[in-house]
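A.B. asks: This is the structure, below, for whatever I ask next.
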Amino acid sequence: MPEALPWEEEYGAAPATLGERLVSGGSDAVERAAEAALRPRRLDEFVGQQVVRNQLSLVLDAALARGTSPDHVLLSGPPGLGKTTLAMIIAAELGTSLRVTSGPAIAHAGDLAAVLSSLEEGEVLFIDEIHRLARPAEELLYVAMEDFRVDVVVGKGAGASAIPLSLPPFVAVGATTRAGLLPAPLRDRFGFTGHLDFYSNDELEKVLLRSSGLLDVPLTAEAAAEIASRSRGTPRIANRLLRRVRDWAQVRGDGRLDLAAARAALEVYEVDPVGLDRLDRSVLTALCTRFGGGPVGLTTLAVAVGEEPETVETVAEPFLVREGYMGRTPRGRVATRAAWEHLGLTPPDGASGTLWS
Ligand SMILES: Nc1ncnc2c1ncn2[C@@H]1O[C@H](COP(=O)(O)OP(=O)(O)OP(=O)(O)O)[C@@H](O)[C@H]1O
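Take 1 as the starting number for the sequence shown in the UniProt record's numbering and just add one per residue.
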């Protein structure tokens with residue numbers, strides 16, 4: 001198994017709690033409905049991710065020019081960066097329709113065989129969380145991707161036989177937060193792999209200004225910059241914070257989405273100027289004030305903030321480590337100088353781990 005990329009360890013499948021959290025990359029069903037209206041529909045509306053966008057546009061244009069289907073596409077990256085959106089765009093650019101499924105939705109290889117055998121020629125099959133496909137379904141998929149064929153098993157035991165069923169050519173688009181977990185034979189069937197990275201604040205401002213236009217709420221440039229800087233490099237979070245600022249402006253403000261409204265709304269929702277929320281801050285505060293900056297074990301730290309260790313590890317820690325507020329050492333979690341400074345605290349002299357940076 002190849003080594004996981006650094007962010008893959010941090011951004012596994014979103015735990016259930018993520019959907020309830022304003023600054024998480026994950027989303028729930030209600031959230032998804034609100035997001036649908038803000039999705040870019042074509043490649044030239046898709047903000048940022050210049051490298052992937054250029055590469056993908058070449059793959060698609062070349063296929064269109066040849067009049068054939070493009071290679072299968074694998075999209076990897078943390079939640080909320082636009083993998084589903086890109087899959088929809090691929091179908092739109094190819095002028096075909098999109099069929100959507102996901103690794104966890106396919107319990108048996110037969111479920112996948114049913115989806116595959118109902119595909120129309122040239123259709124795009126989007127498989128979200130492809131790393132969570134069961135092994136037999138995975139094996140069925142890579143035969144289908146390579147040879148456009150599924151082997152339908154008839155009968156049981158010694159009398160079982162496989163009847164090959166031809167499939168029309170289709171395009172598989174897989175999305176994963178953990179490309180390193182895909183077995184090599186499956187990964188190799190994707191002719192093009194695009195890795196999505198966190199967005200810059202400038203790019204998030206563009207996402208926000210575009211979304212505010214679609215929502216028909218005027219957003220000032222300063223407010224866009226303020227929301228962008230608290231959005232953890234993630235368009236999904238940026239759009240979600242925008243909707244909360246819009247709520248505040250409608251209910252408590254004068255309807256305008258300006259800097260004052262953005263700051264006031266994000267204060268109500270406890271999203272601080274660098275995008276940390278209450279859980280993030282309570283983890284850092286406990287680490288600094290109760291454990292002298294660490295090192296402290298995950299379980300002890302989690303008990304101190306009244307959370308499950310898994311919640312601290314998967315929900316708060318990835319962003320805190322990525323942004324340099326927390327370190328993971330063999331002896332436990334440590335606060336960095338940036339954490340002390342962010343909380344307005346002075347690190348005690350000589351405390352081990354406190355000046356970890
Ligand atoms: N490049 C972009 N430009 C504009 N909006 C974007 C962009 N990328 C994502 N978004 C917005 O962010 C939201 C989340 O994107 P999307 O659902 O595609 O993410 P995802 O990577 O598939 O997440 P998950 O892995 O959780 O399914 C969408 O509603 C979309 O409007």
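From the three backbone atoms N, C-alpha and C, an ideal C-beta is built for every residue, glycine too.
Keep in mind the model is a prediction, meaning the values are calculated, not measured.
Can you tell me where the alpha helix (DSSP H) with Arg-278 in it begins and where it stops?
C.D. replies: As a working mapping, residue 278 is identified with position 278 in the sequence shown. Unbroken alpha helix (DSSP H) run through Arg-278: 278-285.
A.B. asks: Tell me whether the beta-carbon of Leu-320 lies closer than 9 Å to the beta-carbon of Leu-276.
C.D. replies: For this step, residue 320 is matched to residue 320 along the sequence shown. For this step, residue 276 is matched to residue 276 along the sequence shown. Yes, they are a contact pair.
A.B. asks: Taking the beta carbon of Asn-239 as the centre, do at least 16 other beta carbons fall within 10 Å, making it buried, or is it exposed?
C.D. replies: By 1-based counting over the sequence shown, the position of residue 239 is 239. So Asn-239 ends up on the buried side.
A.B. asks: Mapping the DSSP letters down to three states, classify Phe-46 as helix, strand or coil.
C.D. replies: Translated into the one-based positions of the sequence shown, residue 46 becomes position 46. Reduced to three states, the DSSP call for Phe-46 is coil.
A.B. asks: Take Val-59 and list the residues in its own chain whose beta-carbon comes closer than 6 Å to its own, dropping the five residues that flank it on each side.
C.D. replies: The residue you call residue 59 lines up with position 59 of the sequence shown. Once the five neighbours on either side are set aside, the close Cβ partners of Val-59 are Pro-70 and Phe-192.
A.B. asks: Mind checking whether the beta-carbon of Asp-128 lies closer than 8 Å to any heavy atom of ligand 1?
C.D. replies: Within the sequence shown, numbered from 1, the residue matching residue 128 stands at position 128. Result yes, Cβ under 8 Å from ligand 1.
A.B. asks: In terms of alpha-carbon separation, which member of Ile-227, Leu-196 and Val-217 lies closest to Asp-272?
C.D. replies: Against the sequence shown, residue 272 aligns to sequence position 272. Selected option, being the one with the closest Cα: Ile-227.
A.B. asks: Ligand 1 and Val-283: does the residue's C-beta get closer than 8 Å to at least one heavy atom of that ligand?
C.D. replies: As a first step, residue 283 must be located in the sequence shown, where it is residue number 283. No; taking the cut-off as 8 Å, the Cβ of Val-283 has no heavy atom of ligand 1 nearer than that.
A.B. asks: Is the CB-CB distance between Leu-186 and Val-150 below 9 Å?
C.D. replies: Counting from one through the sequence shown, the residue named residue 186 turns up at place 186. Counting from one through the sequence shown, the residue named residue 150 turns up at place 150. Result no, Cβ atoms of Leu-186 and Val-150 do not sit closer than 9 Å.
A.B. asks: Between Ala-286 and Leu-301, is the Cβ-Cβ spacing less than 9 Å?
C.D. replies: Along the sequence shown, read from residue 1 onward, the residue named residue 286 stands at position 286. Along the sequence shown, read from residue 1 onward, the residue named residue 301 stands at position 301. Yes.
A.B. asks: From the DSSP output, read off the bridge partner residues of Ile-227.
C.D. replies: Translated into the one-based positions of the sequence shown, residue 227 becomes position 227. Answer is none; Ile-227 lacks a bridge partner.
A.B. asks: Excluding five sequence neighbours on each side, which residues of the same chain lie with their C-beta closer than 8 Å to the C-beta of Leu-43?
C.D. replies: Numbered from its first residue, the sequence shown carries residue 43 at position 43. So the qualifying residues of the chain are Arg-53, Leu-56, Ser-57, Leu-60, Ile-89 and Glu-93.
A.B. asks: Look at the alpha carbon of Gly-324 and the alpha carbon of His-342, and state the distance between them as a whole number of angstroms.
C.D. replies: Here residue 324 refers to the residue found at position 324 when the sequence shown is read from its first residue. Here residue 342 refers to the residue found at position 342 when the sequence shown is read from its first residue. Cα-Cα distance, rounded: 11 Å.
A.B. asks: Check whether the Cβ atoms of Arg-236 and Val-296 sit closer than 9 Å, and answer yes or no.
C.D. replies: Position 236 of the sequence shown, counted from the start, is the residue given in the question as residue 236. Position 296 of the sequence shown, counted from the start, is the residue given in the question as residue 296. In this structure, Val-296 does not lie closer than 9 Å to Arg-236 by Cβ.
A.B. asks: Give a yes or no on contact between the segment 99-106 and the segment 145-160, applying the rule of three or more CB pairs nearer than 8 Å.
C.D. replies: With a cut-off of 8 Å, the segment 145-160 and the segment 99-106 do not count as touching, because too few Cβ pairs lie within range.
A.B. asks: For Arg-290, which residues in the same chain have their Cβ closer than 7 Å to its Cβ, ignoring the five residues on either side in sequence?
C.D. replies: Taking the sequence shown and counting its residues from 1, one reaches residue 290 at position 290. If we look at Arg-290 and ignore the five residues flanking it on each side, its Cβ neighbours are Ala-304.
A.B. asks: Is any non-hydrogen atom of ligand 1 found closer than 8 Å to the C-beta of Asn-201, if you look at the structure I gave you?
C.D. replies: Taking the sequence shown and counting its residues from 1, the one referred to as residue 201 is at position 201. It does not: the Cβ of Asn-201 is nowhere closer than 8 Å to a heavy atom of ligand 1.
A.B. asks: For Ala-162 and Val-154, what's the separation of their Cα atoms in angstroms?
C.D. replies: Counting from 1 along the sequence shown, the entry for residue 162 is found at position 162. Counting from 1 along the sequence shown, the entry for residue 154 is found at position 154. Each residue's Cα considered, the two are about 6 Å apart.
A.B. asks: Alpha carbon to alpha carbon, how far is Ala-16 from Leu-38?
C.D. replies: Residue numbering aside, residue 16 sits at position 16 when the sequence shown is read from its first letter. Residue numbering aside, residue 38 sits at position 38 when the sequence shown is read from its first letter. The predicted model places Ala-16 with a pLDDT of 34, which falls under 50 and marks its position as unreliable; any figure quoted below should be read in that light. Each residue's Cα considered, the two are about 23 Å apart.
A.B. asks: Which residues bound the beta strand (DSSP E) around Thr-193?
C.D. replies: Within the sequence shown, numbered from 1, the residue matching residue 193 stands at position 193. It spans 192-195 - the beta strand (DSSP E) in which Thr-193 sits, taken as one unbroken run.
A.B. asks: Can you give the Cα-Cα distance for Leu-257 and Ala-109, rounded to whole angstroms?
C.D. replies: Numbered from 1 along the sequence shown, position 257 holds the residue referred to as residue 257. Numbered from 1 along the sequence shown, position 109 holds the residue referred to as residue 109. Their Cα atoms are separated by approximately 50 Å.
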